[in-house]
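Q: Quick one: this structure, given as structure tokens, is what I'll be asking you about.
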Amino acid sequence: MKVRNYYLMLVFLMIGMVSSFAQEKMVSGRVVDKNNLPLPGATILIKNSINGSSTDFDGNYSIKVNQGDILVFSFIGYINQEIIVGASNTINVTMRNDTTALEEVIVVAYGSQTRESIVGSVGVVSSTTIETQQVTSPLRALQGAVPGVSLLTAGGQPGSNPTIRIRGISSESLARGPLIVVDGAPFNGSLNTISQDQIESVSVLKDASSSALYGSRASGGVILITTKKGYIDSAPKVTLRSQIGLSNPAVGVHNLTEPEGYLKLTWQALKNTNQYENGQTATDAAQNATNGLVDYLGYNPYSVANPIDINGNLVANANLLWNSNWENEIIREDYLRVNHNIGVSGGSNKTRYFMSFDYLNEDGPVRPSDFERVATRLNLETQINDWFKIGLNSSFSRSSSNNPDQTSDNTTQAISWIYGVSSIYPIYLRDANGNLIRDNAGDRIFDLGNGLVTGQAVNSTRPVFNDDNILASLTLGKERRVRTNYLANVFAEVNLFEGLTFKTRLSYENYLFDSFSFDDDKTGAAANVQGRVSQNRDLTTTLNAIQSLNYKKSFGNHHVSIDAITEAYTNTQDDLLSQGTGFLPGVDNLDSSTTPEGVGGNVITERINSYLGRLSYNFNEKYFGEFSIRRDGSTRFHEDTRWGNFLAGGMSWIVSKEHFLSENNVLTYLKLRGSYGELGNNRTANLFPYQSVFQTGFVNQSNSGTLPEGVADVNLRWEKIESLNIGADFELFNGTISGTLEYYNKESVDLILDKPLPRSLGVNKIVTNIGSIKNFGWEASLRSINFNTEDFTWTTGINVALNKNEWTKLSQDQIINGSKRYRVGGSIFDFFIPEWAGVDPADGKGMWYRDVLDVEGNVIDKVTTKDYSSDSNTRATPYDTGKSSLPDIEGGFTSFIRYKQFDLNVLFNFSFGAYLLDSDYSSLINPFQNPGASAHPDNFNAWQNPGDISDFPLLLASNNDHASRSTRFLFKNDYIRLKSLTFGYNLPQSVIERVGLSKLRLFLQADNILTWQSHKGIDPEQAFNGVANSRSPLSKTITSGIILEF
Amino acid sequence: MKIYNTSKSTKFLLVLMVVFLSSCSKEFIDEPQNTAGLPESIVFSDREIVQSFITGIYARYKGQWDDDLTDGENTSDPDTGGLYAMYFARTAKGNDLILAPTFYRFDYAHDNRLPTFRRTSFTWTFNYEIINYANVLINGLANSSLDDATKKEFTAVGKAIRAFHYFQIALEFAPNYNTDRTSSRIPIYTEPATGSSVGNPPSPLTDVYNLILSDLKSAIQDLPEERLGKSYINKAVANGILARVLLVTQDDWELASSAAKAAYGDNAAMAVVSSNWGNGFNELSDQDWLWGHFQNGTNETSAFWMAPHVFTDHLTTSLKNTYINTNFRDEFSDTDVRKLFQDIYNSTTPYREFVTTKFTFTFASDVPLMRKSEMVLIDAEAQYNLNNESEARNLLFALQKDRDPGATLSTNSGSDLMDEILLERRKELYGELGVEWFDAKRLSMPINRDTVHRVIVNVPADSELFYLTIPQSEIDANPNMDESINQ
């Protein structure tokens, strides 16, 4: 087998290379506590291996190691310590008391803190969690790992970045996602340019106090990505990881009827329309349906002129000539995912470094979607002398993907094609008798349904998605995206005098997004113009400079830290596009275009200037307090409203350090914390939202044109979020069980909203500060160490979040936004749609409920109606359904089991209580008013004769509202997904040491392999608004891999 | 050996240097300018830019209309793409052409008028959007320091555009003017929308038509004949619009005649000469054409959206959904150059028997919006109503003999003559502007469909099917309007 040979070769290659590196030796030493008393039975392990030793009765140990190995010293009740093996052969260790990982250093805004001293709400995901998953876009690893972080990946295009919401939706029209900060600098590129192996940790800042220093853009939370750095005094360590596997769609699409069924259903719809809408007799209606069927659909996949007889059955001698299974043609199975990477890290006594190189090639479910990426990183840090340190973080990444449309509303979109074009339409051109028409070379020709053969009455003009063929656009056209990202981030740190540090950081990011699209010159939308090429080249550059002064001082039990920071941020969008037509066959470069069709481009800049201050204080590491202020000026607002001030403060109290708890053996740790503060949001879609300008670029008879784009509110100001967080961290039995419980309440005020204007004004909206919205809820996480012995470890973790959302202020009584109604007291997620009342058995018509009003407008009765929307006196009333697209509860569950050399890690994420308005499904129900659209087999349940009891109304080929938006298509969308499963085997140290390796691990990794869902036929991850939109499913991937370390 | 001295001055120098180099100034945040477009003050500072604003409006007429220029996504469809789409929806409502069940099929079935439907929303929003542009133009000029000649000329353009679109709104959203002049369904705006604007209450139809007439009369005085091209409105086009309005009000046939004459140039025989018949009807330079959409096939094209050509031409790659009522075909004599019908499918389905080859579709097809020949027929109708029947017959014959060498001078009089004029309008203008719908509406006639049709709907005279309901989005956002307007 190919894959196995590949691994064997790799292993041998590595062994050959590695033997020369290894420097094996014995290290010994003594492990003591802070009182210098020996700790017998302490464990010493070589990190990332199972090789270890333990101390004797006097605390002494010895172990065989390689220089550069990391030794992990652990003892129950004490903090683990990691020490890198250097030149010395003696390592003595003093263990410090632990109440778990409280001394763990966590990256926070503009610095780092110990977990113990944090007063706000920060969730951390480390590289160990990320390594158990295969996430092309690295932040997908947060799903199910941090409570309060909701993630959705819409569509199965590999490399798709997830939509991230932290603690609900705090804005209506502005960007709602978190601010991403990579190594201290705001990141504006595509997240999928970062490979997961580069990441040391991800911190999620959820409350005001932790994120206030990013105040201006932190309303959606902040995610800090910290990359790996290497260790001082460690020998070079090389890690190789290689994974190959196969993917399949995680879930299927909705069922669809085949030609026979489809024709029968359409016949039934035609007959019903003839009989019940147009008043024909049953006999005439049936006869006319039989005669008119092929004409209605334009195509006939059978060998006889009228394939359905007057009883609605297939005529006896009809042969099926083709059956287009678009799903099988478009969505593939068993497609490849390959990922290799190599990382080198190490350090001398002054310098540390990390280098990595990652290669990924992943295919997607929709052919020919794929994603190929090379990502590299170099991090370097050196202490020049005792007061001056400089460093560089740099990365380069380039990805190229085939990106056929699979999530938009366009006709040549893979999924909407499957749902939009039924199986009776052939893939290749047919004549009126159903025979294939071939070109001069004898090849088949894609059928575009545009009447290629003049005068052909049947099999010529398709009534749906006319002039297109998805396979023609997928195979003859090209949709390529190339993303190139270069990031350089340099910093210098000067220790001015004891306690006072000056730090300057300059980062530059250059993100180039290149899209190339080619429509074929012979077939498809651009055939009339001999092909079309569109190229976009969008350059985003970000320059960010931070100057900070930090002063730290301790007076006895008082510890003070003060920061003063200024920041200057410049972001420039430099877009260029060009489009041309008129290509020779087989040519698709713009140079060959004979007719330039369009050019465009603009350079636009935004800036933010900020002043920040932070004061932290703690007394005896028991009482903590923190106060911060940020003042921001943004070019997105008018000079007069430009500056915003954001204040925040927080406190925490480690209760377990008080006398009354210090002796408690059950509750060994308890910390209470609270914070309150303000955050801002300026991330409007438009960079100058307070201005209304005349757009240029219109053209008429070769004259250039311009048009005003609407009206603007010159007084537009910062959207602000007032956020409260209260939390408790606890541990029972010295960390056997630990957990966190948090409550938050954040209200967005001065919400920037599109205020709808009456269309008769000639403008449809104004962007202005109206309204307030509140998000509040609980988050909890619990971790337990169920077993922890030398041979067997079992840990479990669960986290859940319960979020609620509520409008607290609006400019008008209600704003209808699609399937939702915004009103005070309601939520942004509540469905407000007509309520389905079933089918009237007498006439087969669908019914909805309607309120009956008295003269004062009070509701006096609720009755059924068959009028969906036409007459305001009788039409269906939209109701608050009490159902919401916001889950009642969502979260994750993890479990890790290790038995000797084997380990198993699983991560589930789940969501309960949300509803999905499945418009994909509704488009397949009663679609017959639009001839040619695909149909679901559920249509066979439709009412046919008076007295039939069915929940499916009569099928009609005339305008009707049966599939219109109502509770009929609102489905419970509960799901549990086995997001990742890793099963690994570490070769025994005794074996691998013989070949000079420090680690050799073989593993199987599976992502998304199981999905339990309450509503099938669609991926449960759709959109926060709970409305489907023809999205392709995610992939489930199973790979086998190997990790080598030396 | 240490390379660096730990002298404090070095450290502070280093820090000061960094702080100095990166210090933030007021300019830092004031410097970036909005490069996404031009502010209004710049637009009205220069004649050339004002001209480009007017150009922008005509570009909008023929584009792929999108209800929001700022959201970056186009949610429109080929049957709601621009001015051409409004006209083709009218065409679809008649008896002479038949539509297959694809685009415009709901217009064809007279089943597209409810408050939340695409047609209703498009026709309302599109026309009011242009009206606001006209108000921005008129208001911007009034407050500018441009020279008086420029102000006068472009204000006249603004008024002509405003009148044209109020006329469309009145036709589409209200009953026939002479059937119910008091009907209040249409709000009037003569000022541009601002951030603090609220929706106006609806005004009676008389007010709407008074505004239309006064705008047009004023525009005609100040508009020049010269223009940048035939897709622009000049004095002749404004006269043509006035003539059409007067066909609806039917209260000033003298003016209708003189406006039509001003548009076609007084010499009917010369005015009707056209090179477009039999050549695809897609060439704006034809002397017969007064006004149209211009397309060049490259950077100016609406691609597969441009009605009627893309829907009626069955001989090329196109959307091909329009067929011809055989009875209408039979109205033409065999020598008539307008008898451009073919049976290309040999279809047994009655409605699919004939297609027309009047319009040839390419991405460069121009689309007629007003022709001198129509003006000659308006003049004929005006003469008939002024009791100059012989002049009416002469004008009619001027057109007939150009189109058909076998034509003879009409001997009809009275209502027969009027019927002949109306039939001539259908024969001359089929597919272009929805002439059947327009005539049926203004003359309170029914539209009856022959049995050959795919959907047989008979629309009684003055039926509510002749106008659309007011869009729900308007009712929801306009404090001066409520649900009762659609009852």
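One line per chain: the protein sequences are G and W, in this order.
Its first residue numbered 82, the first sequence is counted upward by one per residue in this note's numbering.
Its first residue numbered 271, the second sequence is counted upward by one per residue in this note's numbering.
Just so it is clear, CB atoms sit at the ideal spot from N, CA and C, and this is done for glycine as well.
#1: Can you list the residues of chain G that residue 329/W reaches, using a CB-CB cut of under 7 angstroms?
#2: Buried or exposed for residue 1074/G, going by 16 or more other Cβ atoms inside 10 Å?
#3: For residue 557/W, which residues in chain G fall below 9 angstroms Cβ to Cβ?
#4: Name the residues in the region 683-711 of chain G whose C-beta lies less than 7 angstroms from a C-beta of chain W; which are they?
#5: Classify residue 868/G as helix, strand or coil using the three-state DSSP reduction.
#6: Using a Cβ-Cβ cutoff of less than 8 angstroms, which residues in the same chain neighbour residue 191/G once the five nearest sequence positions on both sides are dropped?
#7: Measuring alpha carbon to alpha carbon, tell me which residue in 711/G, 749/G, 895/G is nearest residue 727/G.
#8: Express the C-alpha separation of residue 664/W and residue 534/W in angstroms, rounding to a whole number.
#9: How about residue 743/W: is its C-beta nearer than 7 angstroms to some C-beta of chain G?
#10: Suppose you measure from the CA of residue 140/G to the CA of residue 112/G; what does that come to, to the nearest Å?
#11: In three-state terms, what does DSSP make of residue 349/W?
#12: Can you check DSSP and say which residues form a bridge with residue 811/G?
#13: Name the DSSP beta bridge partners of residue 642/G, please?
#14: So that I know if they touch, is there some Cβ in chain W lying closer than 7 angstroms to that of residue 472/G?
#15: Kindly indicate which three-state DSSP category residue 153/G falls into: helix, strand or coil?
#16: Thinking C-beta only, is residue 259/G closer than 7 angstroms to residue 245/G?
#17: Taking C-alpha atoms, which residue in 545/G, 519/G, 312/G, 970/G lies nearest to residue 464/G?
#18: Note down, in chain order, each residue of its chain lying with its Cβ closer than 7 angstroms to the Cβ of residue 339/G, except the 5 sequence neighbours on either side.
#19: Assign residue 470/G to one of three DSSP states: helix, strand, or coil.
#20: Please give me, in chain order, every unbroken run of the alpha helix (DSSP H) with length at least 4 that falls completely inside the region 876-960 of chain G.
#21: So that I know if they touch, is there some Cβ in chain W lying closer than 7 angstroms to that of residue 1108/G?
#22: Give the DSSP-derived three-state secondary structure of residue 246/G in the structure shown.
#23: What do you reckon, are the CB atoms on residue 719/W and residue 365/W nearer than 7 angstroms?
#24: For residue 238/G, count the other beta carbons within 10 Å of its own beta carbon; 16 or more makes it buried, fewer makes it exposed. Which is it?
#25: Should residue 274/W be labelled buried (16 or more other beta-carbon atoms within 10 Å of its own) or exposed?
#26: Find out if the Cβ-Cβ distance for the pair residue 636/W, residue 554/W is shorter than 7 angstroms.
#27: Label residue 435/W either buried or exposed according to how many other C-beta atoms from any shown protein chain fall within 10 Å of its C-beta, with 16 as the threshold for buried.
#28: Going by DSSP, what residues sit across from residue 107/G in a beta bridge?
#29: Hey, out of 604/G, 991/G, 598/G, whose CA is closest to residue 669/G's CA?
#30: Spatial neighbours of residue 751/W within its chain, please: CB distance less than 6 angstroms, with the 5 preceding and 5 following residues excluded, ordered by chain position.
#31: Would you mind listing the beta strand (DSSP E) stretches within the region 284-348 of chain G that are 3+ residues and don't spill past its ends, in chain order?
#32: 7 angstroms is my cut-off, CB to CB: does residue 911/G come that close to chain W?
#33: Does residue 624/W come out as helix, strand or coil in the three-state DSSP assignment?
#34: Is residue 551/W helix, strand or coil when you go by DSSP?
#35: Where does residue 690/G land, buried or exposed, given buried means 16+ other C-beta within 10 angstroms?
#36: Examine the Cβ distances between the region 588-608 of chain W and the region 720-735 of chain W and report whether three or more of them are shorter than 8 angstroms.
A: Checking against the coordinates, here is how it stands:
#1: Walking along the second sequence from the start, residue 329/W turns up at place 59. In chain order: 779, 780, 781, 786.
#2: Position 993 of the first sequence, counting from 1, holds the residue named residue 1074/G. Taking a 10 Å sphere around the C-beta of residue 1074/G, we find 16 or more other C-beta atoms and assign the residue as buried.
#3: Along the second sequence, one-based indexing puts residue 557/W at 287. Neighbours of residue 557/W on chain G: none; closest Cβ ~17 angstroms, over 9 angstroms.
#4: Within the region 683-711 of chain G, the residues whose Cβ lies closer than 7 angstroms to some Cβ of chain W are 683, 684, 685, 686, 687, 688, 690, listed in chain order.
#5: By one-based count along the first sequence, residue 868/G stands at place 787. Residue 868/G falls in the strand class under three-state DSSP.
#6: Start at 1 with the first residue of the first sequence, and residue 191/G comes out as number 110. Annotation for residue 191/G: 265, 294, 627, 629, 644, 646, 693, 695 place their beta carbon closer than 8 angstroms to its own, counting only its chain and skipping 5 residues before and after.
#7: The residue you call residue 727/G lines up with position 646 of the first sequence. Residue 711/G is the option with its Cα nearest to residue 727/G.
#8: Residue numbering aside, residue 534/W sits at position 264 when the second sequence is read from its first letter. Residue numbering aside, residue 664/W sits at position 394 when the second sequence is read from its first letter. Looking at the two C-alpha atoms, the distance is approximately 15 angstroms.
#9: Residue numbering aside, residue 743/W sits at position 473 when the second sequence is read from its first letter. Yes, its Cβ sits closer than 7 angstroms to a Cβ of chain G.
#10: Residue numbering aside, residue 140/G sits at position 59 when the first sequence is read from its first letter. Residue numbering aside, residue 112/G sits at position 31 when the first sequence is read from its first letter. Using only the alpha carbons, I get a separation of about 5 angstroms.
#11: Locating residue 349/W in the second sequence gives position 79, counting from the first residue. Residue 349/W: helix per DSSP, three-state reduction.
#12: Taking the first sequence and counting its residues from 1, one reaches residue 811/G at position 730. According to DSSP, residue 811/G shares a beta bridge with 751/G, 820/G.
#13: For the purposes of this step, residue 642/G is taken as the residue at position 561 of the first sequence. According to DSSP, residue 642/G bridges with 633/G, 697/G.
#14: Position 391 of the first sequence holds residue 472/G. So no, residue 472/G is outside the interface.
#15: As a working note, residue 153/G is residue 72 in the first sequence. Correct three-state label for residue 153/G: strand.
#16: Within the first sequence, the letter at position 164 stands for residue 245/G. Within the first sequence, the letter at position 178 stands for residue 259/G. For the pair residue 245/G and residue 259/G, the CB atoms are nearer than the 7 angstroms cut-off.
#17: Counting from 1 along the first sequence, the entry for residue 464/G is found at position 383. Of 545/G, 519/G, 312/G, 970/G, the residue nearest in Cα terms is 312/G.
#18: Taking the first sequence and counting its residues from 1, the one referred to as residue 339/G is at position 258. Exclusion of the five residues before and after residue 339/G leaves 404, 504 as the residues of its chain whose Cβ lies within less than 7 angstroms of its Cβ.
#19: Here residue 470/G refers to the residue found at position 389 when the first sequence is read from its first residue. Of the three classes helix, strand and coil, the one that applies to residue 470/G here is strand, per DSSP.
#20: Taking only runs of at least 4 residues, no alpha helix (DSSP H) segment lies wholly in the region 876-960 of chain G.
#21: Taking the first residue of the first sequence as 1, we reach residue 1108/G at position 1027. Using a CB distance cut-off of 7 angstroms, residue 1108/G does not count as an interface residue toward chain W.
#22: Locating residue 246/G in the first sequence gives position 165, where the first residue counts as 1. In this structure, DSSP gives residue 246/G an extended state, which the three-state scheme calls strand.
#23: By one-based count along the second sequence, residue 719/W stands at place 449. By one-based count along the second sequence, residue 365/W stands at place 95. Result yes, Cβ atoms of residue 719/W and residue 365/W sit closer than 7 angstroms.
#24: On the first sequence, residue 238/G is found 157 positions in, with the first residue counted as 1. When all chains shown are included, residue 238/G counts as buried.
#25: As a working mapping, residue 274/W is identified with position 4 in the second sequence. With a pLDDT of 46 at residue 274/W, under the threshold of 50, the modelled position of that residue is not reliable, and no figure is offered here.
#26: Counted from its first residue, the second sequence places residue 636/W at position 366. Counted from its first residue, the second sequence places residue 554/W at position 284. Yes, they are a contact pair.
#27: In the second sequence, counting from the first residue as 1, residue 435/W sits at position 165. Residue 435/W comes out buried.
#28: Reading the first sequence from its first residue, position 26 is the one you call residue 107/G. Partner(s): 145/G.
#29: Within the first sequence, the letter at position 588 stands for residue 669/G. Ranked by Cα distance from residue 669/G, the options 604/G, 991/G, 598/G are led by 598/G.
#30: Against the second sequence, residue 751/W aligns to sequence position 481. The answer, listed in chain order, is 745.
#31: Runs found: 303-308, 315-330.
#32: As a first step, residue 911/G is located in the first sequence; it is residue number 830 there, counting from the start. No - not a single Cβ of chain W is within 7 angstroms of the one on residue 911/G.
#33: The residue you call residue 624/W lines up with position 354 of the second sequence. DSSP places residue 624/W in strand when its eight states are reduced to three.
#34: On the second sequence, residue 551/W is found 281 positions in, with the first residue counted as 1. It is coil, neither helix nor strand.
#35: Numbered from its first residue, the first sequence carries residue 690/G at position 609. Buried, since its Cβ has 16 or more Cβ neighbours within 10 Å.
#36: As far as the Cβ criterion goes, the region 588-608 of chain W touches the region 720-735 of chain W, which means the pair count is three or higher.
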